[in-house]
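> Okay, here's the structure, questions in a sec.
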Amino acid sequence: MAEEFKRRMHLYIIQTIYEAVCNPEGWSDVVGEIRKITGATSAFFMGIGPGAEQNASVVSKHVDRNLLIRADFVDIVHTVTASLGQGGTVALDIKRNGSTWQAYLADMFDCEGQLVIAIITKEGQRRFILGLIFSYEDQADVRLANELLMALTPHLQIAMGIHRQMLKDREKAERLDHFFSQSATPRVIVSDDFRIIESNRAFERLIEKNGSFLKRSEGFLTVASSALRQEIDRLLARSQQHAETGHANIAWVKEAEGGFGWLLKVEPLGSKSLNVTPFANLGFGNDAKSMLSFCKMGDRNGLTPAVVGSVLGLTTAEASLACELAQGNAPAEIAHARGVAKNTVHNQLTSIMARHGFHRQGQLLSFLSTLSLFIG
Numbered sequence: 003m004a005e006e007f008k009r010r011m012h013l014y015i016i017q018t019i020y021e022a023v024c025n026p027e028g029w030s031d032v033v034g035e036i037r038k039i040t041g042a043t044s045a046f047f048m049g050i051g052p053g054a055e056q057n058a059s060v061v062s063k064h065v066d067r068n069l070l071i072r073a074d075f076v077d078i079v080h081t082v083t084a085s086l087g088q089g090g091t092v093a094l095d096i097k098r099n100g101s102t103w104q105a106y107l108a109d110m111f112d113c114e115g116q117l118v119i120a121i122i123t124k125e126g127q128r129r130f131i132l133g134l135i136f137s138y139e140d141q142a143d144v145r146l147a148n149e150l151l152m153a154l155t156p157h158l159q160i161a162m163g164i165h166r167q168m169l170k171d172r173e174k175a176e177r178l179d180h181f182f183s184q185s186a187t188p189r190v191i192v193s194d195d196f197r198i199i200e201s202n203r204a205f206e207r208l209i210e211k212n213g214s215f216l217k218r219s220e221g222f223l224t225v226a227s228s229a230l231r232q233e234i235d236r237l238l239a240r241s242q243q244h245a246e247t248g249h250a251n252i253a254w255v256k257e258a259e260g261g262f263g264w265l266l267k268v269e270p271l272g273s274k275s276l277n278v279t280p281f282a283n284l285g286f287g288n289d290a291k292s293m294l295s296f297c298k299m300g301d302r303n304g305l306t307p308a309v310v311g312s313v314l315g316l317t318t319a320e321a322s323l324a325c326e327l328a329q330g331n332a333p334a335e336i337a338h339a340r341g342v343a344k345n346t347v348h349n350q351l352t353s354i355m356a357r358h359g360f361h362r363q364g365q366l367l368s369f370l371s372t373l374s375l376f377i378g
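Last residue of the sequence shown: 378 in this note's numbering, with the numbers rising by one and none dropped.
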């Protein structure tokens, strides 16, 4: 009966671990159940960075969280786990008459025994650990606890990996939501029948000023320009055929009248793409959806930071730097004129080029030159 109870408890904890993936508050239940099944006096999860107090996050049971986030204790945990790999464990004796560390731990936890620390996940200097405190007074079987811990660790690693990825995806989605709404580039998300799902303020301003070419009609995007509509249809068809790549499709459209053109970009969104652009508040369903970005060009006076920033998605400082390069100024001259170090300008250039796939400065200049031809 005892073995059957342990087996069921083990399965229950595994279920609790995976439930915590979608419910961050569930990690408190997980650490509580692990404490029970291992017979530990106290237990805690801790996420730490390079040993700094402010980088520690803790979920604990039967031990004060404020004790665990002390800078001295975080430094101890960081030091003893620095050389451990993922899945590694270390046991620290807790003794009032022991070494400095041992006495510190005994005073901190007000007991003598052992502190067992297991590395669940490790990403560079960042690591997520499980700590179990065994008091000698409780007479827990530390060897059995270690066996149980080893059996649970793979499940904790899988769950934490999923949890971390979900957090990253959520943060990315929130950033993209903000980028979409605040972007100076007109953007609209449409379904395959051109129903408008979401648009940003820049797009609304665009259709207000260019109603003869683009407009919103009963919730649908109407493209009156035949040249623009033809190119949108072509890029939509191509993006849906190759949605698994997640690559944007870009085209230049010249209007027959007016002396201007459009820089058009189409990006596939949704579950059919392996490399989708996630939006936190956008329900995808099974329908194909695409994000259209427009830049009306040719009615401006030359290559300006506003145009470059809009097309490439650069900050004001980066766009200004790109324009100065296009005007023939060398990076050293730009740095001197701005009163900054050459490395500052070089780092900005490197960042711009890396984000847009330019391997050499000449490629960036060639692109800017082509862009200026479209605008002029």
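Just so it is clear, CB atoms sit at the ideal spot from N, CA and C, and this is done for glycine as well.
By DSSP's criteria, residue 118 is part of a beta bridge. Which residues make up the other side?
93 and 134, per the DSSP bridge assignment.
> To the nearest whole angstrom, what separates the beta carbons of residue 131 and residue 121, a pair I think is in contact under 8 angstroms?
With a Cβ gap of about 6 angstroms, residue 131 and residue 121 count as contacting.
> Looking at the structure shown, is residue 50 part of a helix, part of a strand, or coil, going by DSSP?
Strand.
> Considering just the uninterrupted stretch of the beta strand (DSSP E) at residue 62, what are its terminal residues?
Here the beta strand (DSSP E) through residue 62 covers 59–63.
> Can you grab the Cα-Cα spacing for the pair residue 18 / residue 354, in whole Å?
Going by the C-alpha atoms only, they are around 45 angstroms apart.
> Going straight from the alpha carbon of residue 185 to that of residue 113, what length do you get?
Computed Cα separation, rounded: 57 angstroms.
> With the cut-off set at 7 angstroms, would you say residue 253 and residue 238 are in Cβ contact?
Contact: no.
> If contacts are defined as beta-carbon pairs under 8 angstroms, then residue 328 and residue 351 qualify, I think. What distance do you get, rounded to the angstrom?
About 13 angstroms separates the two Cβ atoms, so there is no contact after all.
> Let me make sure I understand the geometry here. Which of 349, 13 and 118 has the alpha-carbon closest to that of residue 92?
Cα-wise, what sits closest to residue 92 is 118.
> What do you reckon, are the CB atoms on residue 293 and residue 199 nearer than 7 angstroms?
No, the pair does not count as a contact, with Cβ atoms beyond the cut-off.
> Closest to residue 60 by C-alpha separation, out of 227, 39 and 46, would be which residue?
For residue 60, the nearest C-alpha among the options comes from 46.
> Do you know how far the Cα of residue 21 is from the Cα of residue 95?
So the alpha carbons of these two residues sit roughly 33 angstroms apart.
> Kindly identify the DSSP beta-bridge partner or partners of residue 296.
In the DSSP output, where bridge partners are listed per residue, residue 296 has 266.
> Using a Cβ-Cβ cut-off of 7 angstroms (strictly less than) and excluding sequence neighbours within five positions of residue 162, which residues of its own chain qualify?
Closer than 7 angstroms at the Cβ level, and outside the excluded window around residue 162, lie 122, 123 and 130.
> In terms of residues, what are the limits of the beta strand (DSSP E) holding residue 36?
Per DSSP, residue 36 belongs to no beta strand (DSSP E); it is in the alpha helix (DSSP H), 28–40.
> Could you pull out every residue in the same chain whose Cβ sits closer than 7 angstroms to the Cβ of residue 221, ignoring the five residues on either side in sequence?
The residues are 197 and 198.
> Whole angstroms are fine: how far does the CA of residue 194 sit from the CA of residue 28?
Their backbone Cα atoms lie some 40 angstroms apart in a straight line.
> Measure how close the beta-carbons of residue 71 and residue 103 come, nearest whole angstrom, since I'm counting them as under 8 angstroms.
Not really, about 18 angstroms apart at Cβ, beyond 8 angstroms.
> Beta carbon of residue 268, beta carbon of residue 230: below 7 angstroms?
No, these two residues do not count as a Cβ contact at 7 angstroms.
> Could you tell me the distance, in whole angstroms, from the CA atom of residue 55 to the CA atom of residue 76?
A caution first: residue 55 carries a pLDDT of 49, below 50, which makes its placement in the model too unreliable to give a value.
> Drop a sphere of 10 angstroms on the beta-carbon of residue 116, count the other beta-carbons inside from all chains shown, and report buried for 16 or more, exposed for fewer.
The residue is buried, with at least 16 neighbouring Cβ atoms inside 10 Å.
> Per DSSP, residue 190 forms a beta bridge with which residues?
In DSSP, residue 190 forms a bridge with 201 and 294.
> Would you mind working out which of 167, 226 and 311 sits nearest residue 23, comparing C-alpha positions?
The shortest Cα separation from residue 23 among 167, 226 and 311 belongs to 167.
> Give the secondary structure of residue 223 by DSSP, where H, G and I count as helix, E and B as strand, and everything else as coil.
Strand at residue 223.
> Could you give the distance in angstroms between the alpha-carbon of residue 105 and the alpha-carbon of residue 50?
Their Cα atoms are separated by approximately 23 angstroms.
> In whole angstroms, what separates the C-alpha of residue 331 from that of residue 345?
Using only the alpha carbons, I get a separation of about 16 angstroms.
> Return the residue from the list 127, 137 and 133 that minimises the CA-CA distance to residue 109.
When only C-alpha atoms are compared, the closest one is 137.
> Quick one, are the C-beta atoms of residue 189 and residue 205 less than 7 angstroms apart?
The answer is yes: Cβ separation under 7 angstroms.
> Do you know how far the Cα of residue 310 is from the Cα of residue 285?
Model confidence at residue 285 stands at a pLDDT of 49, short of 50, so the residue's coordinates are unreliable and nothing is read from them.
> Considering residue 251, what are the terminal residues of the beta strand (DSSP E) in which it resides?
Counting along the chain, the beta strand (DSSP E) containing residue 251 begins and ends at 251–256.
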